[in-house]
Amino acid sequence: MNGEPSMRDRRRCIDMRLRRVRRLAAALAVPGLLFGTAACGSGSGSARAGDPNTLEVWTRSDPESAQTYERVFAAFTKKTGIKIDYQPVMNFDQQLQSRASTKDLPDVMINDTALMGSYQAQGLLKPIDPASIAGHDEITAKSWSSTVGRDGRHYGIPYSRQAMTLFVRKDWREKLGLPQPKTWQDTLALAKAFATRDPDGDGW
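Heads up, the sequence shown is in the numbering used here, so the first residue is 20 and it goes up one at a time.
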């Protein structure tokens, strides 16, 4: 034996961590998409080495924004007893490829869908059955569709939606005597007035 885990041991490791990924997905409430990775290495490159009750989680984050995730993961650990080895990674794709080359990927990646197809094509992601996720029926079909890979299977768990907000200068609107916009046509009319009727009084 060369010390490498057998296929059976590797599959057992993946299945065990995927169960914890499902629990993490049910608890999180921050923007993005959660992926369970396919590789399950020795953990030699992380703090979870030797601790089967720890999930290594990566986000594409700088240290400042990472503080929000740390609070969420602390609450998750308190609720479940599952520890989180959290690593905010700025040069995300470079580090991911480096870890993939040693077959020692993080257990969970929180990311958007931009490179999901590439990750899936490289075999870096584990397929996920939406029906196995608690609360899966509360997620819209459109949101689930964003997690479908090239082979038609799901490779991520959506756990938030982002909303767009339009801010309107109240002082400009009132100066031009226009009402609050309630439809897109109102919004277009307001934008045209802002562009042509000099609401800031600078002569342009």
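In this text, a Cβ means the ideal position worked out from N, Cα and C, and glycines have one as well.
Where residue i falls, given that 16 or more other Cβ within 10 Å makes a residue buried
i	result
Gly175	buried
Trp223	exposed
Asp229	With the chain covering only 20 through 223, there is no way to say anything about residue 229.
Leu143	buried
Leu207	exposed
Proximal residues to residue i (C-beta, below 6 Å), its chain only, five neighbours per side dropped
i	result
Arg118	Leu124
Own chain residues within Cβ distance below 7 Å of residue i, not counting five before or after
i	result
Leu195	Ala212, Arg216 and Pro218
Pro177	Leu52, Ile158, Ser162, Trp163, Ser165 and Thr166
Glu89	Tyr105
Other residues of its chain near residue i: CB distance less than 8 Å, five sequence neighbours each side excluded
i	result
Asp81	Pro107 and Met109
His112	In the sequence on display, residue 112 carries Asp and not His. So the qualifying residues of the chain are Leu134.
His173	Pro146, Ile147, Asp148, Pro149, Trp163, Thr166 and Val167
Trp191	Phe213, Pro218 and Asp219
C-alpha distance - residue i paired with residue j, whole-angstrom precision
i	j	result
Gln139	Val167	10 Å
Asp148	His155	10 Å
Leu185	Leu197	16 Å
Gly136	Arg169	7 Å
Ala210	Thr132	32 Å
Lys189	Met183	19 Å
Ala214	Gln86	41 Å
Trp203	Ala160	26 Å
Lys97	Ser84	21 Å
Ala93	Lys122	27 Å
Asp221	Gly171	56 Å
Thr99	Gln116	30 Å
Residue i vs residue j beta-carbon contact at 8 Å
i	j	result
Thr73	Asp104	yes
Val91	Val127	no
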